[in-house]
Amino acid sequence: MQFRVRDAVGFELNEEVAEELGLLEEFQTWKKTYNTTDFSAAMEEKYKLPNYTEPSIYEFKYERGGEIQGLEGFDWNKTYCWFFSDDTKQKGWKPFANRLKKKGIVLESARWSELG
-4 MQFRVRDAVG FELNEEVAEE LGLLEEFQTW KKTYNTTDFS AAMEEKYKLP NYTEPSIYEF
56 KYERGGEIQG LEGFDWNKTY CWFFSDDTKQ KGWKPFANRL KKKGIVLESA RWSELG
């Protein structure tokens, strides 16, 4: 298997942030199941994400020799809601990013290599 480079933007996601977004129940479901379907659908509906833009949730746990290497921009051992960097070029991204900013949620750029 080879490593692929991921370029992303996202924000740290925890219960406080999920509550601010009105997505606490969906985040708690993710924490139990690691299935992002409910969270993604609720975020897409509530925040009118641009077409083909789907949020992902991932807990970046550090593991020597693990499937994620060279993490930059995000912190290890934290959970993030992230989007592919190309999503930020879509029509409708700026209004979404501005809604997050008004809630005090800052989007950060990140990059890592992922085994796959």
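Residue numbers for the sequence shown follow our numbering, so the first one is -4 and each next one is one higher.
Every residue, glycine too, gets a C-beta built ideally from N, C-alpha and C.
Since this is a predicted model, take the numbers as computed values, not measurements.
Which residue marks the beginning of the beta strand (DSSP E) containing T74, and which one marks its end?
Walking along the sequence shown from the start, residue 74 turns up at place 79. Looking at the DSSP string, the run of the beta strand (DSSP E) that includes T74 is 74 to 79.
Between R(-1) and W107, is the Cβ-Cβ spacing less than 7 Å?
Translated into positions along the sequence shown, residue -1 becomes position 4. Translated into positions along the sequence shown, residue 107 becomes position 112. For R(-1) and W107, no; Cβs fall outside 7 Å.
Evaluate S104 with the Cβ neighbour count: other Cβ atoms within 10 Å of its Cβ, from every protein chain shown; 16 or more gives buried, anything less gives exposed.
On the sequence shown, residue 104 is found 109 positions in, with the first residue counted as 1. That one is exposed.
R94 (DSSP reduced to helix, strand or coil):
Here residue 94 refers to the residue found at position 99 of the sequence shown. Of the three classes helix, strand and coil, the one that applies to R94 here is helix, per DSSP.
To which residues does DSSP link D70 through a beta bridge?
Working through the sequence shown from its first residue, we reach residue 70 at position 75. DSSP, once it has assigned bridges, lists no residue as partnering D70.
Please classify M38 as buried or exposed, where buried requires at least 16 other C-beta atoms within 10 Å of its C-beta.
Within the sequence shown, residue 38 is the residue found at index 43, counting from 1. Buried.
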